[in-house]
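K.L.:
Those protein sequences? They're chains A and B, same order as listed. Just so you know, we're using the working numbering here: the first sequence kicks off at 1 and counts up by one. Just so you know, we're using the working numbering here: the second sequence kicks off at 1 and counts up by one. Just so you know, even glycine gets a beta-carbon here, dropped at the ideal spot from N, CA and C. The model shown is predicted, which means the values in this text are computed figures rather than measured ones. My questions all concern the structure below.
2 protein chains.
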Amino acid sequence: MNKGVEWAVHACALLAPLGAGRGLSLAALADYHGVPLPYMAKQMQLLSKAGIVRTSRGHTGGYALARPPQEISLWDIKQAVDGSAPAFRCTEIRQKGPCAVPRADCRAPCAIAAAFSRAENAYRDLLRAIRLSDILSDVTGEGNAQHMLGMLRWYEANVTVLPEKKPKAPAS
Amino acid sequence: MNKGVEWAVHACALLAPLGAGRGLSLAALADYHGVPLPYMAKQMQLLSKAGIVRTSRGHTGGYALARPPQEISLWDIKQAVDGSAPAFRCTEIRQKGPCAVPRADCRAPCAIAAAFSRAENAYRDLLRAIRLSDILSDVTGEGNAQHMLGMLRWYEANVTVLPEKKPKAPAS
Numbered sequence: 001m002n003k004g005v006e007w008a009v010h011a012c013a014l015l016a017p018l019g020a021g022r023g024l025s026l027a028a029l030a031d032y033h034g035v036p037l038p039y040m041a042k043q044m045q046l047l048s049k050a051g052i053v054r055t056s057r058g059h060t061g062g063y064a065l066a067r068p069p070q071e072i073s074l075w076d077i078k079q080a081v082d083g084s085a086p087a088f089r090c091t092e093i094r095q096k097g098p099c100a101v102p103r104a105d106c107r108a109p110c111a112i113a114a115a116f117s118r119a120e121n122a123y124r125d126l127l128r129a130i131r132l133s134d135i136l137s138d139v140t141g142e143g144n145a146q147h148m149l150g151m152l153r154w155y156e157a158n159v160t161v162l163p164e165k166k167p168k169a170p171a172s
Numbered sequence: 001m002n003k004g005v006e007w008a009v010h011a012c013a014l015l016a017p018l019g020a021g022r023g024l025s026l027a028a029l030a031d032y033h034g035v036p037l038p039y040m041a042k043q044m045q046l047l048s049k050a051g052i053v054r055t056s057r058g059h060t061g062g063y064a065l066a067r068p069p070q071e072i073s074l075w076d077i078k079q080a081v082d083g084s085a086p087a088f089r090c091t092e093i094r095q096k097g098p099c100a101v102p103r104a105d106c107r108a109p110c111a112i113a114a115a116f117s118r119a120e121n122a123y124r125d126l127l128r129a130i131r132l133s134d135i136l137s138d139v140t141g142e143g144n145a146q147h148m149l150g151m152l153r154w155y156e157a158n159v160t161v162l163p164e165k166k167p168k169a170p171a172s
């Protein structure tokens with residue numbers, strides 16, 4: 001799995017408690033996670049492309065979740081960063097060698113590919129059932145009061161007000 | 001996932017119908033699957049190291065399953081070739097940055113790592129429940145009679161009798 005998945009989930013978890021119209025700059029996201037800015041940028045671009053976060057440019061701009069945390073699953077984030085190709089890729093080995101099965105007799109998937117596909121579906125379904133809102137309380141350790149206070153101060157210092165989207169000017 | 005997993009499962013499926021004391025040479029296994037011998041050798045070595053197949057050297061030697069097909073799961077084979085490291089590796093991001101959670105407050109795993117771990121467990125459990133014996137009937141396509149006959153002939157021409165293990169000579 002791409003290591004970026006872990007950073008991407010953490011970034012989304014950090015954005016999750018912000019109210020509507022509030023965001024965090026790329027610099028703040030990178031700083032909070034102690035990760036180089038270009039690396040954080042890459043994950044945020046992938047999340048943006050997948051419609052999980054939205055971004056506003058400019059001095060007061062930044063990233064915000066594009067939907068409520070209860071509508072973003074860990075699978076959504078994993079898929080955004082890691083792609084959606086199955087881990088097991090059937091190369092139709094049964095159609096090779098001296099006892100090759102004719103292609104016409106391979107209408108059903110190979111039982112081996114089908115078995116791995118069932119396992120990958122179980123994995124996906126479990127991650128789909130876990131929403132960002134389910135994990136927020138546990139991400140930041142076991143929550144001692146001092147740490148929570150530090151986080152609140154960090155939010156206060158870093159949260160930006162996102163510019164409202166301007167309605168398009170009517171065609172003159 | 002390592003592409004060798006697919007070859008390894010197919011090789012085990014080919015060995016599964018052989019009776020006790022019967023095997024297939026590395027050359028036959030590579031030929032049947034239409035794959036270069038060194039590549040097949042690599043997967044067979046990994047399977048041997050994991051105790052899934054056993055090998056006998058010499059002219060009449062070859063590979064055989066080390067246990068009955070109903071005692072070999074797809075997870076056993078996947079793990080032999082792909083290793084057992086989790087796909088999601090938690091790097092304790094919560095302990096980094098300006099709001100780092102003190103290590104002492106991180107007794108429980110990060111909720112993000114715990115969620116991915118649950119998903120990987122579901123994947124593993126499903127593959128553990130699928131035994132080599134469950135998939136044999138479907139591996140070779142939808143089984144037209146001509147293909148089955150071709151396979152039987154191939155087995156007849158290639159199956160070797162494995163030498164019995166000699167009991168160790170008593171110390172003199």
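1. Quick one: what does DSSP say Val101/B is sitting in, helix, strand or coil?
2. Any idea what DSSP makes of Ser25/A, helix, strand or coil?
3. Does any C-beta atom of chain A lie closer than 8 Å to the C-beta of Pro38/B?
4. Looking at chain A, is there any beta carbon in it that lies within less than 8 Å of the beta carbon of Val208/B?
5. When DSSP builds the beta bridges, which residues end up paired with Ser133/A?
6. Between the alpha carbons of Ala104/A and Met44/B, how many angstroms are there, rounded?
7. Quick one: which chain A residues come within Cβ less than 7 Å of Thr91/B?
8. Whose Cβ in chain B lies nearer than 8 Å to the Cβ of Glu120/A?
9. Do we get a CB-CB distance below 8 Å when we pair Met1/A with the residues of chain B?
10. Excluding five sequence neighbours on each side, which residues of the same chain lie with their C-beta closer than 6 Å to the C-beta of Pro69/A?
11. Relative to the C-alpha of Ala145/B, which residue among Val9/A, Ala11/A and Cys99/A is closest?
12. For the region 62–86 of chain B, enumerate the residues whose C-beta is nearer than 7 Å to any C-beta of chain A, in chain order.
13. For a cutoff of 8 Å on Cβ pairs, would you count Met151/A as touching chain B?
14. Please decide whether Gly34/A counts as near chain B, where near means a Cβ-Cβ distance under 8 Å.
15. Quick check: the region 4–15 of chain A against the region 31–46 of chain A, are there 3 or more CB pairs under 8 Å?
16. What are the start and end residues of the beta strand (DSSP E) that includes Leu65/A?
17. Considering only their Cβ atoms, is the gap separating Leu74/B from Ala111/A smaller than 8 Å?
18. Using a Cβ cut-off of 8 Å (strictly closer), state whether Val9/A contacts chain B.
19. Using a C-beta to C-beta distance shorter than 8 Å, which residues of chain B count as neighbours of Lys96/A?
20. If I follow the unbroken beta strand (DSSP E) through Val53/A, where does it start and stop?
21. Locate the alpha helix (DSSP H) running through Ile77/A, then write down its first and last residues.
22. Since Glu120/B and Tyr123/A should fall inside the 8 Å C-beta cutoff, what is the C-beta to C-beta distance between them, to a whole number of angstroms?
23. For Ala115/B, would you say it is in contact with chain A, using Cβ-to-Cβ distances shorter than 8 Å as the test?
24. Are the Cβ atoms of Thr160/A and Gly61/A separated by less than 8 Å?
25. Use the C-beta contact count for Lys49/B: other C-beta atoms within 10 angstroms, 16 or more gives buried, fewer gives exposed.
26. Could you check which residue in Pro163/A, Arg57/A and Leu149/A has the C-alpha nearest to that of Ala157/A?
27. Are the Cβ atoms of Ile186/A and Leu47/A separated by less than 8 Å?
28. Of all the CB atoms in chain B, is at least one closer than 8 Å to the CB of Ala145/A?
29. Between the region 101–112 of chain B and chain A, which residues of the former have a C-beta closer than 7 Å to a C-beta of the latter?
30. Could you tell me the alpha carbon to alpha carbon distance between Ser117/A and Trp154/A, rounded to whole angstroms?
31. Could you tell me which residues DSSP pairs with Thr160/A in its beta bridges?
32. For Arg94/A, count neighbouring Cβ atoms within 10 angstroms of its own Cβ and tell me buried if that reaches 16, exposed if not.
33. With distances taken Cα to Cα, identify the nearest neighbour of His10/A among Leu29/A, Gly23/A and Arg22/A.
34. Note down, in chain order, every chain A residue with its Cβ under 7 Å from the Cβ of Leu126/B.
P.N.:
Concretely, from the data shown:
1. coil
2. coil
3. no
4. Chain B is shown only over 1 to 172; residue 208/B falls outside these bounds and no answer can be derived.
5. As far as DSSP is concerned, Ser133/A takes part in no beta bridge.
6. Their backbone Cα atoms lie some 30 Å apart in a straight line.
7. Glu6
8. Those are Tyr123, listed as they occur along chain B.
9. yes
10. Ala16, Leu132 and Ser133
11. Cys99/A
12. The residues in question are Leu74.
13. Chain B, which has a Cβ nearer than 8 Å to the Cβ of Met151/A, makes this yes.
14. yes
15. yes
16. Gly62 to Leu65
17. no
18. yes
19. His33, Gly34 and Val35
20. Val53 to Ser56
21. Counting along the chain, the alpha helix (DSSP H) containing Ile77/A begins and ends at Leu74 to Asp82.
22. In this structure Glu120/B touches Tyr123/A by the C-beta definition: roughly 7 Å separates them, less than 8 Å.
23. yes
24. Cβ distance < 8 Å, so Thr160/A and Gly61/A count as in contact.
25. exposed
26. Selected option, being the one with the closest Cα: Leu149/A.
27. In the structure as shown, chain A begins at 1 and stops at 172. Residue 186/A is therefore absent and cannot be evaluated.
28. no
29. Against chain A - using a Cβ distance shorter than 7 Å - the residues of the region 101–112 of chain B are Val101, Asp105, Cys106, Arg107, Ala108, Cys110, Ala111 and Ile112.
30. 43 Å
31. Gly23/A
32. By the neighbour-count definition (other C-beta atoms within 10 Å, threshold 16), Arg94/A is a buried residue.
33. Leu29/A
34. Arg118, Ala119 and Ala122
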